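Enquirer: In the order they appear, the protein sequences are chains A and B. Residue 284 in the working numbering sits at position 284 of the first sequence; the count goes up by one each step and never skips. Residue 257 in the working numbering sits at position 257 of the second sequence; the count goes up by one each step and never skips.
2 protein chains.
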Amino acid sequence: MLISQVATPQSIPRKVVDAITPQNTIGAVNQSNGALDINTLFAPIRPGLRLVESKLRDVDSAIFAPLAEAFVNLIGSGGKRLRPALALLSAEFNGSMQNAPHYSTVIALAASVEMLHTATLVHDDVIDGALLRRGAPTLNARWNGISTVLAGNYLFGTAAHFSAETQNMRVIALFSDTLRVIVDGELRQLKDRHNFMQKRENYYQRIYAKTASLFCAATQGAAILSQLPEERIADLNQFGYNFGMAFQIIDDILDFTGDDATLGKPAGSDLRQGTLTLPFFHYLQQHPDARSVIAALEDAQIEADDGNAAVWDEAVNLLVRDLRNSPAIEAAREEARTFLRRAVDNLAALPDNVYRHSLFGLCEYAVKRTY
Amino acid sequence: MLISQVATPQSIPRKVVDAITPQNTIGAVNQSNGALDINTLFAPIRPGLRLVESKLRDVDSAIFAPLAEAFVNLIGSGGKRLRPALALLSAEFNGSMQNAPHYSTVIALAASVEMLHTATLVHDDVIDGALLRRGAPTLNARWNGISTVLAGNYLFGTAAHFSAETQNMRVIALFSDTLRVIVDGELRQLKDRHNFMQKRENYYQRIYAKTASLFCAATQGAAILSQLPEERIADLNQFGYNFGMAFQIIDDILDFTGDDATLGKPAGSDLRQGTLTLPFFHYLQQHPDARSVIAALEDAQIEADDGNAAVWDEAVNLLVRDLRNSPAIEAAREEARTFLRRAVDNLAALPDNVYRHSLFGLCEYAVKRTY
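1) Could you give the DSSP three-state label for P229(B): helix, strand or coil?
2) Please list the partners that T158(A) has in chain B, where partner means a Cβ-to-Cβ separation under 7 angstroms.
3) Cβ atoms of F256(A) and V320(A): under 8 angstroms apart, would you say?
4) If we count Cβ pairs, one from each stretch, closer than 8 angstroms, do we get three or more for the stretch 86 to 102 of chain A versus the stretch 340 to 358 of chain A?
5) Closer than 7 angstroms, Cβ to any Cβ of chain A: which residues of the stretch 162 to 180 of chain B, in chain order?
6) Along the stretch 187 to 198 of chain B, where does the CB come closer than 8 angstroms to a CB of chain A? Name the residues.
7) Quick one: complete alpha helix (DSSP H) runs, 4+ long, within the stretch 155 to 193 of chain A?
8) Indicate whether G274(B) and R193(B) have their beta-carbon atoms separated by less than 8 angstroms.
9) Roughly how many angstroms separate the alpha carbons of D184(A) and Y283(A), rounded to a whole number?
10) Where do the ends of the alpha helix (DSSP H) carrying T211(B) lie?
11) Less than 8 angstroms separating the beta-carbons of M97(A) and A159(A)?
12) Given that Y154(A) touches chain B, what residues does it touch there, using C-beta distances under 8 angstroms?
13) For A373(B) and A349(A), what's the separation of their Cα atoms in angstroms?
14) Check H102(A) in the structure and name its three-state DSSP category.
15) Rounded to whole angstroms, how far is the Cβ of V122(B) from the Cβ of G152(B), which I believe are closer than 8 angstroms?
16) Going by the CB atoms, is the gap between A336(B) and I250(B) shorter than 8 angstroms?
17) Could you check what DSSP says for G361(A) in three-state terms: helix, strand or coil?
18) Take every Cβ of the stretch 238 to 249 of chain A, pair it with every Cβ of the stretch 285 to 302 of chain A, and state whether three or more of those distances are shorter than 8 angstroms.
19) Using three-state DSSP, classify Q198(A) as helix, strand or coil.
20) At 8 angstroms on the CB atoms, spell out the chain A contacts of E150(B), in chain order.
21) Consider the Cβ of S147(A): report whether some Cβ of chain B lies at a distance smaller than 8 angstroms.
22) Let me know if S292(B) comes out buried or exposed under the rule of 16 or more other beta-carbons within 10 Å of its beta-carbon.
23) Please classify E165(B) as buried or exposed, where buried requires at least 16 other C-beta atoms within 10 Å of its C-beta.
24) Three or more beta-carbon pairs under 8 angstroms between the stretch 338 to 345 of chain A and the stretch 226 to 244 of chain A, yes or no?
25) To which residues of the same chain is R324(B) closer than 7 angstroms at the C-beta, ignoring the five residues directly before and after it?
26) With 16 other CB atoms within 10 Å as the buried threshold, where does N168(B) fall?
27) Quick check on the burial criterion: 16 or more other C-beta atoms within 10 angstroms. Buried or exposed for N39(A)?
28) Take A295(B) as the anchor and find which of A315(B), E231(B), G307(B) has the nearest alpha-carbon.
29) Whose C-beta lies closer than 8 angstroms to the C-beta of K210(A) among residues of the same chain, with five residues either side of it excluded?
30) Is L82(A) near G221(A), with beta carbons less than 8 angstroms apart?
31) Do V149(A) and I107(A) have their C-beta atoms closer together than 8 angstroms?
32) Tell me whether M97(B) sits in a helix, a strand or coil according to DSSP, three-state version.
33) How would you call A212(B), buried or exposed, if buried means at least 16 neighbouring beta carbons within 10 angstroms?
34) Between the alpha carbons of A234(B) and A218(B), how many angstroms are there, rounded?
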């Protein structure tokens, strides 16, 4: 379905549609009104988020107790609890779940999704050898790689435990399938590194696996637990997909346009690791001599493999400078907006309540966020 | 309950009780009759084992397809499929599960348990940096550590997926709890390495986490799926515990008494890595000057930390030579026999059928095995 064919539902606030338009630019969050403040958007589910928070911090292991503080810090440092919030919001479209006796199943889902996310972050630290994540020193820098692998495994086990607490077979199956999709995507990303001839399709597959699949698990899982009809479950699944794709594309744009201080890592870090993201694909497409761009990167990579890392760094720095001032950024942004317009459309048939208002707000927030 | 208080049930074959007695020695498997052959013991559940095998080899990922062969080889090379067999045998005490329409749930449990075991083996390769496991080159030697971590994660995801296929909430919860227990134990083992002052209790905790917990998941899970009464579920859980403890103790004895060829690794490899096992604790207890033994090891370890690995190796070689000719081996063996006698007792109230006969046979096999 083309985005041009999607009629904007009457009930969707004009402001949201306006926000997701080309004239708006990412980076406008400071000029935004209160409605864009994420705390305001999360207000209707604040009690649920507190329950999730307490569940996440209850690490049930004497031996992992010393690690618990590290987990909590890692999870807490700038972590927006976006995934749990998506689950809690998505659960509120079939009567009030917050006041239902089985609200604990939604809390379990939300905690499961966030714990799975955290587990993959912990293992990503091993994989990336990254020094900083979310601005805080990574676990890996403080612990050795072995403990980090085990810590990640323990979190996987805890995530699986939480998912079992949903007491819903379909949600449990969704959880284990999502875990496999995520890991599959991580290996794809690893194999595709420094492959400058890869197709753009690989990128979409990767960000689905890495980000959108877990957003889907949060929104679809909550829809299942709240016993919505199948059509609405599908809507919320699609919302998770489109919102997740947009969210990751914007993340990948910010990796080029952000500065070191807000990113907590040097700009262009994905490319520096050889991971190609959407702005790069647009840059290549728009470049009058894409072959020379690729050849230069490949040559620099060969130099780096021979021990001359400075050549690679310099090649990346040059490309990042050129790319962030090119139309590639705007082209990638427009793709994110397209996904967000679809996400907004996916909510059209759901009841018009404060929770839907918050999901609309998150779409707006996603476009405008700067970190 | 003391072992001396356990009455040997009338229906338990005399041969089994005889086998688990001090006059028998580990290493007698070559003198054994056909009843001890593991293929004979597994015969009643052969069709189920074939279904498990095919399930294990069906790796559902294009990107992991190149790894699939490596997994299959790792899993298959000498792997006895003991854990799936325990599940399949334990499922047959409430009417025939093999012919029941929901036998697939037992197959899913058996595959889940073996896949979880394999996932931990894969990560152990990263942790140990071991060169050989089960006689075949480890994944880690062929792939880099990163791919190995991800491969392990994918197997965890697949194990979780299989456990969800049991469609039984209690079994699913048992699975995720077992995963956490195993990982918790791995970190304990890591922290306890080279701590020569640790209590023997630490050892029992470790081998429960490492081995017995998964045996319990196999036997208890199958009992749950076959809808046995709670008392019999508890019996099979206890059987898994006692059999698993004995199995790991015998493994730890063989690490001292075996030769390099049958072990696929140098004798005394646990101690060489700083992991203390039951024979070592008995050796210390029996030694007239335990303090000097510990002091010598600690000194050698300090030398090794200073880069003089040969000193540590020599200290271990000396100790292994002394220990394998000491009464410590027999003392550890007697503990294994005690666990096995309890395991046999746990089966007393179960129906006397070919499956129980095979479980008895496995207890006998456990004492006599040489690898």
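Ideal placement from N, C-alpha and C gives every residue a C-beta, glycine not left out. In this text, all values refer to a predicted model and were calculated from it rather than measured experimentally.
Expert: Considering the structure as presented:
1) coil
2) R180
3) yes
4) yes
5) A164, Q167, M169, I172, A173, S176, D177, L179, R180
6) L187, R188, L190, K191
7) 169 to 192
8) yes
9) 27 angstroms
10) Unbroken run through T211(B): none, as it is neither H nor E.
11) no
12) R180, V183, D184, L187
13) Examination of residue 373(B) is not possible in this model, given that chain B is present from 1 through 371 alone.
14) coil
15) 4 angstroms
16) yes
17) helix
18) no
19) coil
20) One detail in the question is off: residue 150(B) reads as Leu in this sequence, not Glu. What L150(B) touches in chain A: H123, I127, V183, E186, L187, L190.
21) yes
22) exposed
23) buried
24) yes
25) F256, T257
26) buried
27) exposed
28) A315(B)
29) I182, G185, E186, Q189, Q248
30) no
31) no
32) coil
33) buried
34) 13 angstroms
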